[in-house]
Amino acid sequence: MRRALIALVALAATTVAAPAFSDMVMDRVDGGDPIRLGFANEVPWAYPGESNEPLGFANAFTLGVLKQMGYDRDDIEPVVTEWGGLIPGLQANRFDVITGGMYILNSRCENVAFSDPMGTFGDAFIVASGNPKGIQNYEDLKAAGATLVTGAGYNIVEVAKNAGIPESNIMTVPGPTEILAAVKAGRADAGGVTYFTAQNLAKESGGAVDVTDPSKMPKDTLNWVGIGFRKSDSEFLEKFNQAMAEYLGSDAMMADVGEYGYTKSNLPGDDVTTEWVCNNR
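And the structure:
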């Protein structure tokens, strides 16, 4: 019956505007199914613990908002995938929410309905210890003819191309582990990640890599993170934003996210809206 209805709506769209699709998250919740959180292995943003336990501050934040909405841990199901599979997985209904710490970008806003911003963050590079090529930003990369490695689906690919880095000098890999391996092996001169991720990779490297100064990066690379939903899930997103307004910046939230390095300096600011970020990033 559901497939027949969808086919009928698609046919009607050729002559009249089709009605909105139903809110899948609300349908699942009302039917007693869990809310599925989709995330990759991105320490300290969102990553799996034992039995895929959703760890990291983006997951902790999302769980805190959902708790504010009346959902507990038993109502949640984690789904771990590669970063590049997050938006396709959401669209394919493999999970209901993207909690991976995803920047709100104009190109993503076409396919994802983001919550209100939950934080503001900058990027950085990891480079070989001592930073032998003196790389601090994209201009340095371009001048040195250096090779940049970053993750498939990362915003840094688009930023690097816009900065004039030749596509032949941009290497993409599945995620942070492979980025670190490429820089350590000398296959890339710099690894482009978020500053939080860079700090974690430097810690993992045992002194093999350094983290560049994020203040040396262009100001327009400062980004805001949101929690991602399907565009059709507007009812659930509205309720999520209402609960988030009470939770954001609260003592409870800071206690939930503090262990992962999120501080009050990362709060998004009262005057920044998702609409503005979508139009300006």
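Going by my numbering, the first residue of the sequence shown is number 2, and it counts up by one from there.
C-beta atoms are modelled at their ideal positions from N, C-alpha and C, and glycine is treated no differently.
Note that the structure is predicted; figures quoted are calculated from it, not measured.
Cα-Cα separation, residue i to residue j
i      : j      : result
Gly57  : Leu64  : 11 Å
Thr151 : Asp272 : 31 Å
Met218 : Asn138 : 5 Å
Tyr48  : Ile180 : 16 Å
Ile228 : Arg282 : 16 Å
Asn132 : Asp211 : 7 Å
Asn201 : Pro45  : 7 Å
Asn53  : Gly86  : 17 Å
Ala186 : Gly154 : 22 Å
Asn156 : Ala93  : 21 Å
Leu149 : Val194 : 11 Å
Val278 : Val160 : 16 Å
Ile171 : Ala253 : 41 Å
Gly90  : Met25  : 14 Å
Pair within 8 Å by beta-carbon distance, residue i and residue j
i      : j      : result
Pro215 : Asp124 : yes
Asp190 : Ile136 : yes
Thr100 : Ala164 : no
Asp31  : Ala114 : no
Thr275 : Ile105 : yes
Gly120 : Asn280 : no
Asn224 : Phe122 : yes
Asp34  : Met245 : no
Lys162 : Ala145 : no
Val174 : Ala129 : no
Ile166 : Asp97  : no
Phe241 : Met103 : no
Tyr261 : Val66  : no
Ile127 : Ala182 : no
Ile88  : Asn107 : no
Per-residue burial, residue i [other beta carbons within 10 Å of its own, 16 or more giving buried]
i      : result
Glu239 : exposed
Pro55  : buried
Arg231 : buried
Asp28  : exposed
Gln243 : exposed
Thr178 : exposed
Asp141 : buried
Residue i: first and last residue of the uninterrupted beta strand (DSSP E) it sits in
i      : result
Trp225 : Asn224 to Phe230
Asp211 : Val210 to Val212
Met172 : Ile171 to Val174
Arg29  : Element bounds for Arg29: not the beta strand (DSSP E) but the alpha helix (DSSP H), Met25 to Asp31.
Arg191 : The amino acid occupying residue 191 in the given sequence is Ala; Arg does not appear at that position. Element bounds for Ala191: Ala191 to Thr195.
Pro177 : Element bounds for Pro177: not the beta strand (DSSP E) but the alpha helix (DSSP H), Pro177 to Lys185.
Arg74  : Careful: Arg74 lies outside any beta strand (DSSP E) and carries neither H nor E.
Arg37  : Ile36 to Phe40
Residue i: first and last residue of the uninterrupted alpha helix (DSSP H) it sits in
i      : result
Gly139 : Here residue 139 turns out to be Tyr, not Gly, going by the sequence shown. Note, Tyr139: alpha helix (DSSP H), Tyr139 to Ala145.
Phe58  : Phe58 to Gln69
Tyr104 : Where Tyr104 is concerned, there is no enclosing alpha helix (DSSP H), although the beta strand (DSSP E) it sits in stretches over Val98 to Tyr104.
Ala256 : Asp252 to Val258
Ile166 : Run containing Ile166: none; DSSP gives neither H nor E here.
> Three or more beta-carbon pairs under 8 Å between the region 35-48 and the region 79-96, yes or no?
Replying inline: yes
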